[in-house]
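Trainee: This is the structure I have questions about; it appears just below.
In this note's numbering, the protein residues as written are 1279 to 1510.
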């Protein structure tokens, strides 16, 4: 098999507990902003810890559909807090619609040592969207937190999520919660975060730094981080 037919390793997180590959061009699906083949090693110590810990936060994407299809093993997916799925290869592709509050997570070991699934998102003209640049930085930041035993910085999370077209879900009792969640992500994550020196993309973590710069240059609060000739 030639190198052009091999999947490309994009992310190797938590000492190999999570790996994200990009399929070769001939296997990528049209109309997708990103198209990933994700693997969870459920017997890895870091995945065992993650699977037994609190679930990741609920969030939503206002501009994109997200697509999930399990190829091996099982994956937990929760939508709107009242629909929880254990996805297996028999379920086919699950579509998460824009504005739907959701989260996905590894399951505790019980259905084998390995989960593999396809994860992709709808193409959009929005500069701030879920794509490869966002995932590379988000996983790298989590890597630093977990392996460095650091506390996660909520402002950094909101800064990164906003640049990835993603927003943390407010509780159900909050009026207009989706609109307020997005507004808070923009004002606190992008505006305040940018002023305080938080940046969503870092050159050391980003495969396509020019694209990351183009994204940050669309905001007056982030454009100072778009140093095309220097390492940030």
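For glycine and all other residues, C-beta sits at the position ideal for the given N, C-alpha and C.
Every value quoted in this text rests on a predicted model; they were computed, and no experiment measured them.
For residue 1461, tell me which candidate among 1451, 1475, 1481 and 1437 has the shortest Cα-Cα distance.
Mentor: In the chain shown, residue 1461 corresponds to position 183, counting from 1. Closest option to residue 1461, Cα to Cα, is 1437.
Trainee: Residue 1473 to residue 1417, Cα distance in whole Å?
Mentor: As a working note, residue 1473 is residue 195 in the chain shown. As a working note, residue 1417 is residue 139 in the chain shown. Spanning the two alpha carbons is a distance of roughly 23 angstroms.
Trainee: Got a sec: does the ligand FAD put a non-hydrogen atom nearer than 7 angstroms to the Cβ of residue 1357?
Mentor: You won't find the ligand FAD in this model; it holds no ligand whatsoever.
Trainee: According to DSSP, simplified to helix, strand and coil, what is residue 1299?
Mentor: Your numbering for residue 1299 matches position 21 in the chain shown. Strand, per DSSP.
Trainee: Name the DSSP bridge partner or partners of residue 1374?
Mentor: In the chain shown, counting from the first residue as 1, residue 1374 sits at position 96. Residue 1374 pairs with 1344.
Trainee: Does the separation of the CB atoms of residue 1350 and residue 1367 fall below 8 angstroms?
Mentor: As a working note, residue 1350 is residue 72 in the chain shown. As a working note, residue 1367 is residue 89 in the chain shown. With contacts defined as CB atoms closer than 8 angstroms, residue 1350 and residue 1367 qualify as a contacting pair.
Trainee: Look at residue 1393 and residue 1439 and say whether their C-beta atoms are less than 8 angstroms apart.
Mentor: Here residue 1393 is taken as the residue at index 115 of the chain shown, counted from 1. Here residue 1439 is taken as the residue at index 161 of the chain shown, counted from 1. No.
Trainee: Using a Cβ-Cβ cutoff of less than 6 angstroms, which residues in the same chain neighbour residue 1453 once the five nearest sequence positions on both sides are dropped?
Mentor: Start at 1 with the first residue of the chain shown, and residue 1453 comes out as number 175. The answer is none, since no qualifying residue turns up.
Trainee: Alpha carbon to alpha carbon, how far is residue 1487 from residue 1441? Give it in angstroms, no decimals.
Mentor: As a working mapping, residue 1441 is identified with position 163 in the chain shown. As a working mapping, residue 1487 is identified with position 209 in the chain shown. Cα-Cα distance, rounded: 14 angstroms.
Trainee: Tell me the DSSP bridge mates of residue 1402?
Mentor: Here residue 1402 refers to the residue found at position 124 when the chain shown is read from its first residue. Looking at the DSSP assignment, residue 1402 forms no beta bridge with any residue, so it has no partner.
Trainee: Checking 8 angstroms against the spacing of the C-beta atoms, do residue 1373 and residue 1404 come in under that value?
Mentor: Here the question's residue 1373 lines up with position 95 in the chain shown. Here the question's residue 1404 lines up with position 126 in the chain shown. Cβ atoms of residue 1373 and residue 1404: not closer than 8 angstroms.
Trainee: I believe residue 1339 touches residue 1408 by the beta-carbon criterion, under 8 angstroms. Please report the beta-carbon distance rounded to the nearest angstrom.
Mentor: Residue mapping note: residue 1339 aligns to position 61 of the chain shown, counting from 1. Residue mapping note: residue 1408 aligns to position 130 of the chain shown, counting from 1. So it is a contact: roughly 6 angstroms between Cβ atoms.
Trainee: Report the rounded CA-to-CA distance for residue 1362 versus residue 1341, giving the unit in angstroms.
Mentor: For the purposes of this step, residue 1362 is taken as residue 84 along the chain shown, with counting starting at 1. For the purposes of this step, residue 1341 is taken as residue 63 along the chain shown, with counting starting at 1. Cα to Cα, residue 1362 sits roughly 23 angstroms from residue 1341.
Trainee: Looking at the secondary structure, which residues open and close the beta strand (DSSP E) in which residue 1316 lies?
Mentor: Position 38 of the chain shown, counted from the start, is the residue given in the question as residue 1316. From DSSP, the beta strand (DSSP E) with residue 1316 extends over 1310-1319.
Trainee: Name the two residues that bound the continuous alpha helix (DSSP H) containing residue 1419.
Mentor: Within the chain shown, numbered from 1, the residue matching residue 1419 stands at position 141. 1410-1425 is the span of the alpha helix (DSSP H), which, as asked, contains residue 1419.
Trainee: Helix, strand or coil for residue 1354 per DSSP?
Mentor: Here residue 1354 corresponds to residue number 76 of the chain shown, with the count starting at 1. DSSP places residue 1354 in strand when its eight states are reduced to three.
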